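Numbering (this note's numbering), first residue to last: 98 to 555. Positions of the beta carbon are idealized from the N, C-alpha and C atoms, including for glycine. Remember, it's a predicted structure, so these values are computed and weren't measured experimentally. Single-structure report; data block below.
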Amino acid sequence: MKNDGRAALRRWSIGARGAGRQVTLLGVVIAFAHIAVAWSLAVCVSSAVVGSAAFEWLAIGAIAFGVRALAGYLSERAAARAGLAMVDAARREIARVAAERGAGVLLGESAGARVSQIMDRTALLAGWGSRWTPGSRLAIIVPVVILIAVATQSWVSALLLAVSVVALPVLLWLTIAGTRTVATKQQEALDRLSGAFQERTEHAGIIRAFRAIGRETETLRAASLDLKHGTMRVLRVAFLSTAVLEFFSAISIALLAVYIGFKLLGLFPFETGEGVTLQEGVMVLVLAPEFFAPIRRMSTLHHDRADARSAADMLSAWLGAVPYARVRLPALATAPSVAFDGVSISRDGIDVVHDVSLQARPGQVTVLWGASGSGKTSCLLHLLGLAERSSGNVWIDATALAPGESLAESTAYIRQTPWLFEGTLADNLRVGFAGANDAQLLAALDAAGAVHLVAAQA
Numbered sequence: 098m099k100n101d102g103r104a105a106l107r108r109w110s111i112g113a114r115g116a117g118r119q120v121t122l123l124g125v126v127i128a129f130a131h132i133a134v135a136w137s138l139a140v141c142v143s144s145a146v147v148g149s150a151a152f153e154w155l156a157i158g159a160i161a162f163g164v165r166a167l168a169g170y171l172s173e174r175a176a177a178r179a180g181l182a183m184v185d186a187a188r189r190e191i192a193r194v195a196a197e198r199g200a201g202v203l204l205g206e207s208a209g210a211r212v213s214q215i216m217d218r219t220a221l222l223a224g225w226g227s228r229w230t231p232g233s234r235l236a237i238i239v240p241v242v243i244l245i246a247v248a249t250q251s252w253v254s255a256l257l258l259a260v261s262v263v264a265l266p267v268l269l270w271l272t273i274a275g276t277r278t279v280a281t282k283q284q285e286a287l288d289r290l291s292g293a294f295q296e297r298t299e300h301a302g303i304i305r306a307f308r309a310i311g312r313e314t315e316t317l318r319a320a321s322l323d324l325k326h327g328t329m330r331v332l333r334v335a336f337l338s339t340a341v342l343e344f345f346s347a348i349s350i351a352l353l354a355v356y357i358g359f360k361l362l363g364l365f366p367f368e369t370g371e372g373v374t375l376q377e378g379v380m381v382l383v384l385a386p387e388f389f390a391p392i393r394r395m396s397t398l399h400h401d402r403a404d405a406r407s408a409a410d411m412l413s414a415w416l417g418a419v420p421y422a423r424v425r426l427p428a429l430a431t432a433p434s435v436a437f438d439g440v441s442i443s444r445d446g447i448d449v450v451h452d453v454s455l456q457a458r459p460g461q462v463t464v465l466w467g468a469s470g471s472g473k474t475s476c477l478l479h480l481l482g483l484a485e486r487s488s489g490n491v492w493i494d495a496t497a498l499a500p501g502e503s504l505a506e507s508t509a510y511i512r513q514t515p516w517l518f519e520g521t522l523a524d525n526l527r528v529g530f531a532g533a534n535d536a537q538l539l540a541a542l543d544a545a546g547a548v549h550l551v552a553a554q555a
């Protein structure tokens, strides 16, 4: 699988295309309905000034307003379907990869971080399908439609709008530069906080037993502050880009209003080659905010795009990290002899286990001893097809285990998951032997090399 967030977004957006096109079409319908509302309002105002009624145009405006409201409602529903389709496609791909490659694909991060990535990061993809894709199209189509409508009333007003919008993309780019980097850091901070919280919750008993509540609380506080600062950076960029677009849109509309006002009063200082009536002026001023509306939304849309790209880059890199497919060998009838001969195991192209040789015979207990991080778990995961061998051979009886082959059908694997519930060490030890006296408990602690814990609780 190619490690490319853009390719992943294209795959996941296939199911959202139909709903996305509906959002775009309904956005165009909303623009035409707004033109009808503006036209009816302009006719009614100009008629009222000369003392005549235009109830039929008022009715047309009311109908157009109703069409606009209905199209907006349907557009929101279609956008929600598009977003959900993208999220569903991404989560289905994660589930499929996990089913094909086994639970080992979930390794490398804490359970809390993986849950955050599967739930929170995939949820960020919704903005790509529901807002960014149709919104970026409407930011081109709607201003062109409105500009044509304005040009039919006042070509100078249309020219002013066209000139004013030229600078907005540059201003938008200047204010959102680095948005994707900020979004990536904020998402990573959320993963770290989720992972830290899950781990501390899982080992709450151990933390309490070792009197480490204050230390671990400080760790969570630091992770929480990191997320807070990342979120505030995202909000600062969002508010800045929105404020810039709103400011220049307001200035452009104000200049247009000044032109229309002076033309209506006959006080414009030089000839423009056109006359502007009250009806034309009202229609232009009603249409002007709609011209800038989809462009102003681009600041928010760019944040949706940045969030989705950052999430897709991370998810595609994760899902593409295991390049080989596992082959689950049939269950063995009897316990085999397992031998490692100069085995090295790699992760992400880097050897994490070097030149390991061992032999485990059936009917015997074999202890693989080493410091934390020395590769004991990687050796066991390799037998399950969840860790890649870079050199050496693994023999199952007299048969070599090929790369990617798995003994999962013949293996029971229980990972070490220490857990102490709240209470004393004696309370925890008596879970296995309820009638044990203090001497027996001390003997068990001494055999486990943990008798020093009694002094820590004294």
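Three-state secondary structure (DSSP) of residue i
{"i": "Arg-277", "result": "helix"}
{"i": "Lys-99", "result": "In this prediction, Lys-99 has a pLDDT of 45, which is less than 50 and means its spatial position is unreliable; what the coordinates show is noted afterwards. Coil."}
{"i": "Glu-315", "result": "helix"}
{"i": "Ala-497", "result": "strand"}
{"i": "Val-464", "result": "coil"}
{"i": "Phe-129", "result": "helix"}
{"i": "Glu-502", "result": "strand"}
{"i": "Val-424", "result": "strand"}
{"i": "Phe-388", "result": "helix"}
{"i": "Gly-180", "result": "helix"}
{"i": "Ser-149", "result": "coil"}
{"i": "Leu-429", "result": "coil"}
{"i": "Thr-369", "result": "coil"}
{"i": "Ser-143", "result": "helix"}
{"i": "Tyr-510", "result": "coil"}
{"i": "Ala-533", "result": "coil"}
{"i": "Gly-163", "result": "helix"}
{"i": "Leu-342", "result": "helix"}
{"i": "Ser-469", "result": "coil"}
{"i": "Thr-219", "result": "helix"}
{"i": "Thr-328", "result": "helix"}
{"i": "Gly-224", "result": "helix"}
{"i": "Ala-116", "result": "helix"}
{"i": "Thr-374", "result": "coil"}
Range covered by the alpha helix (DSSP H) that runs through residue i
{"i": "Gly-302", "result": "301-306"}
{"i": "Val-548", "result": "Val-548 -> no alpha helix (DSSP H), and no H or E assigned at all."}
{"i": "Ile-111", "result": "Counting along the chain, Ile-111 falls outside any alpha helix (DSSP H), and DSSP gives it neither H nor E."}
{"i": "Leu-455", "result": "Looking at the DSSP string, Leu-455 is not in any alpha helix (DSSP H); the run it does join, the beta strand (DSSP E), is 447-457."}
{"i": "Val-242", "result": "230-248"}
{"i": "Asp-524", "result": "522-526"}
{"i": "Ser-213", "result": "208-213"}
{"i": "Ala-309", "result": "Segment: none, Ala-309 is in no alpha helix (DSSP H) and carries neither H nor E."}
{"i": "Trp-252", "result": "252-263"}
{"i": "Thr-474", "result": "473-480"}
Nearest-angstrom beta carbon gap, residue j and residue i [assumed within contact, 8 Å]
{"i": "Ser-291", "j": "Val-184", "result": "In fact, because the Cβ distance is near 18 Å, the residues do not count as touching under 8 Å."}
{"i": "Val-383", "j": "Ala-161", "result": "Rounded, the Cβ-Cβ distance is 12 Å, inconsistent with contact."}
{"i": "Val-373", "j": "Ser-251", "result": "5 Å"}
{"i": "Leu-353", "j": "Ser-254", "result": "6 Å"}
{"i": "Val-462", "j": "Phe-437", "result": "Their Cβ separation, rounded to whole angstroms, is 17 Å, which puts Val-462 and Phe-437 out of contact at 8 Å."}
Residue range of the unbroken beta strand (DSSP E) whose run includes residue i
{"i": "Glu-485", "result": "485-493"}
{"i": "Arg-394", "result": "That residue, Arg-394, is in no beta strand (DSSP E); it is neither H nor E in DSSP."}
{"i": "Ser-441", "result": "435-444"}
Reference residue i, options the options, closest by Cα
{"i": "Leu-287", "options": "Arg-318, Ile-447, Leu-426, Val-355", "result": "Arg-318"}
{"i": "Arg-297", "options": "Ala-208, Thr-521, Thr-230, Val-373", "result": "Ala-208"}
{"i": "Val-194", "options": "Val-262, Ser-413, Ser-110", "result": "Ser-413"}
{"i": "Trp-466", "options": "Pro-459, Leu-477, Gly-460", "result": "Leu-477"}
{"i": "Gly-580", "options": "Glu-485, Val-450, Pro-459, Ala-545", "result": "The structure shown does not extend to residue 580, since the chain spans only 98 to 555, so no value can be given for it."}
{"i": "Leu-332", "options": "Leu-550, Gly-115, Ser-233, His-400", "result": "His-400"}
{"i": "Ala-145", "options": "Leu-375, Thr-431, Ile-238", "result": "Leu-375"}
{"i": "Gly-158", "options": "Met-380, Ile-111, Ala-186, Ser-110", "result": "Met-380"}
{"i": "Gln-119", "options": "Leu-171, Leu-106, Glu-153, Ala-105", "result": "Leu-171"}
{"i": "Arg-188", "options": "Leu-155, Arg-114, Glu-502, Ala-409", "result": "Ala-409"}
{"i": "Leu-265", "options": "Thr-339, Met-329, Glu-285", "result": "Thr-339"}
{"i": "Gly-378", "options": "Thr-121, Cys-141, Leu-106, Ala-113", "result": "Cys-141"}
{"i": "Glu-173", "options": "Ser-143, Ala-116, Asp-524", "result": "Ala-116"}
{"i": "Leu-538", "options": "Phe-152, His-549, Ala-523", "result": "Ala-523"}
{"i": "Val-435", "options": "Pro-386, Leu-504, Leu-483", "result": "Leu-504"}
{"i": "Glu-506", "options": "Leu-480, Met-216, Ala-484, Glu-485", "result": "Leu-480"}
{"i": "Phe-344", "options": "Ser-137, Ile-191, Val-464, Arg-393", "result": "Arg-393"}
{"i": "Thr-48", "options": "Gly-163, Phe-365, Pro-391, Val-134", "result": "For the chain, the structure presents residues 98 to 555; residue 48 sits outside this window and is missing."}
Contact with chain D by residue i, beta-carbon distance below 8 Å
{"i": "Arg-218", "result": "As a matter of chain content, chain D is missing from the structure shown, which is built from one protein chain."}
beta-carbon residue i near the ligand NAD non-hydrogen atom, thresh 7 Å
{"i": "Ser-291", "result": "No copy of the ligand NAD occurs in the structure displayed, which carries no ligand at all."}
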